[in-house]
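For the sequence shown, position 254 matches number 246 in the numbering used here, and the numbering has no gaps at all. In this text, a Cβ means the ideal position worked out from N, Cα and C, and glycines have one as well. Keep in mind that this is a model prediction, so the values were computed, not measured.
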Amino acid sequence: MWVENCCLSGIGKVCPVAAAGGSEDFIPRFPDSNAGVSREKRLELVRRNAEEIVTEGELDSLIDDGSPRAYTGYEPSGTIHLGHLVTVEKLKDLVEAGFDVTVLLADLHAYLNEKGDLDEIEEVADMNRRAFEAYGLEAEFVLGSEFQLNDGYVMDMHRLAVSTTMARAQRSMDEVSRSRDDIHVSQVVYPLMQALDIAYLDVDLAVGGTDQRKIHMLAREGLPRIGYDAPTSLHTPILTGLDGSKMSSSKQNWIDLSMSEEDVEGALNNAYCPAGTETDNPVLEIAKYLVFPEFEEVEVKRTEKYGGDVEYRGYPEVARDFESGELHPLDLKKSVSKYLNGVLAPARENFR
Ligand code: STL
């Protein structure tokens, strides 16, 4: 039976689709281990769905390193939304490609970004860790404040501060910062610390959304000036909000782990999904960045009148049929809801 063959990267983890009461025809993505995964396959895993790698040449060398190390940092957040999960998917790809992965729960960064007091943030961080683990991410989880207050780190922060211009530090925060005017000093301490995290966690590859790119570029230039290696960086796309505009907490135009299966279904059903158009289409993006990395095959169920059931092996087939008009938005939405709910089921338990 299918559930016995289900091997999400963790041992003894429950398959998300089975947990969601999914059918037997789902095929999970994970092999039993990454032993024997070819160099080519490992590179393909690292590169898939990446918007940018700085630089491809460096990544190519990293792959030949015995055990390359990668990380992403997250400000602990009361809502884990699909935007977070795009980078989590990439980290799962990296684990499968043989990287040692660290997740930084950046409590001090959240504090600097005015997200609350440290005690509250730490509680949220622990909930986030459990959600990421349940989602099948095998990583080492580190709380920022565990090492960011050590003497060596603080001294390096001052050294980096001396060699970084105000304009550069401020600019790097353009897409991350909470405040736009009346900028606080914390806003320029933030990117310096983020750069140092890369050195102190001893990682080769820094992963984040494209909103992190200017901070990563600052790290690439700044770290060598104070005696550390320049990190390679990989950026994932930023998901379009469900209404077709930029995701924003004020609009609540996203799906997060606090939502029930029915809420997810409803949200997708109402989502912007213009027939025949791939551009800025959040439903297709969810299929591409969150569903297909988990399932080799995705089935769309339709009555005979509307063309009958169809199975897609890979996102390009879906995009092709959607663009030609062969696949209707409503059928796409129904199928994406079902698979997405399967993917979210185990992590959602943490919010009950
Ligand atoms: C955000 C939004 C987002 C990413 C981050 C924060 C990342 C924070 C971070 C902090 C320290 C690090 C790495 C990343 O070392 O998309 O508000």
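Which of helix, strand or coil does DSSP assign to residue 184? Here residue 184 refers to the residue found at position 192 when the sequence shown is read from its first residue. Of the three classes helix, strand and coil, the one that applies to residue 184 here is helix, per DSSP.
Burial state of residue 177 (16 or more Cβ within 10 Å): As a working note, residue 177 is residue 185 in the sequence shown. Flag for residue 177 reads exposed.
Under 6 Å: does the beta carbon of residue 67 sit that close to some heavy atom of ligand 1? Here the question's residue 67 lines up with position 75 in the sequence shown. Yes; taking the cut-off as 6 Å, the Cβ of residue 67 has a heavy atom of ligand 1 nearer than that.
Around the C-beta of residue 126, are 16 or more other C-beta atoms found within 10 angstroms, so that it is buried, or is it exposed? What you label residue 126 is simply residue 134 of the sequence shown in a count that begins at 1. Buried is the call here.
Given that a residue counts as buried once 16 or more other Cβ atoms are within 10 Å of its Cβ, and exposed if not, what is residue 295? By one-based count along the sequence shown, residue 295 stands at place 303. So residue 295 ends up on the exposed side.
For the segment 41 to 66, which segments carrying the beta strand (DSSP E) assignment without a break, of at least 3 residues, lie completely within its bounds, in sequence order? 44 to 46, 61 to 66
Heavy atom of ligand 1 within 6 Å of residue 186 beta-carbon: Taking the first residue of the sequence shown as 1, we reach residue 186 at position 194. Judged by the Cβ position, residue 186 qualifies as a neighbour of ligand 1 at the 6 Å threshold, a heavy atom of the ligand being closer than this.
Ordered along the chain, which non-local residues of its own chain (more than five positions away) have a Cβ less than 8 Å from that of residue 324? Here residue 324 corresponds to residue number 332 of the sequence shown, with the count starting at 1. Cβ neighbours of residue 324 beyond the five flanking positions: 265, 275, 276, 279, 292, 310, 314.
Please indicate yes or no: does the CB of residue 299 lie closer than 6 Å to some heavy atom of ligand 1? For the purposes of this step, residue 299 is taken as the residue at position 307 of the sequence shown. No, Cβ of residue 299 sits at least 6 Å from all heavy atoms of ligand 1.
Beta-carbon proximity check, residue 283 vs residue 331, cutoff 7 Å: As a position in the sequence shown, residue 283 is number 291, starting the count at 1. As a position in the sequence shown, residue 331 is number 339, starting the count at 1. In contact: residue 283 and residue 331 (Cβ atoms closer than 7 Å).
Segments of 4+ residues assigned as alpha helix (DSSP H) that fall wholly inside the segment 157 to 214: 158 to 164, 178 to 192
Distance cut-off 6 Å: residue 101 Cβ against heavy atoms of ligand 1: Here residue 101 is taken as the residue at index 109 of the sequence shown, counted from 1. Yes, ligand 1 has a heavy atom inside 6 Å of this Cβ.
At a cut-off of 6 Å, is residue 98 close to ligand 1 when judged by its beta-carbon and the heavy atoms of the ligand? In the sequence shown, the residue the question calls residue 98 occupies position 106. It does: the Cβ of residue 98 is within 6 Å (strictly closer) of some heavy atom of ligand 1.
Identify whether residue 79 lies in helix, strand or coil by the three-state DSSP scheme. Working through the sequence shown from its first residue, we reach residue 79 at position 87. Note: residue 79 maps to helix in three-state DSSP.
Three-state secondary structure (DSSP) of residue 291: Walking along the sequence shown from the start, residue 291 turns up at place 299. Here DSSP, grouped into helix, strand and coil, assigns residue 291 to strand.
Let me know if residue 259 comes out buried or exposed under the rule of 16 or more other beta-carbons within 10 Å of its beta-carbon. Numbered from its first residue, the sequence shown carries residue 259 at position 267. Buried.
So which of 133, 156, 300, 80 has the shortest CA-CA distance to residue 218? For the purposes of this step, residue 218 is identified with residue 226 of the sequence shown, where counting begins at 1. For the residues 133, 156, 300, 80, the minimum Cα distance to residue 218 belongs to 156.
Please indicate yes or no: does the CB of residue 201 lie closer than 6 Å to some heavy atom of ligand 1? For this step, residue 201 is matched to residue 209 along the sequence shown. Residue 201 Cβ: within cutoff of ligand 1.
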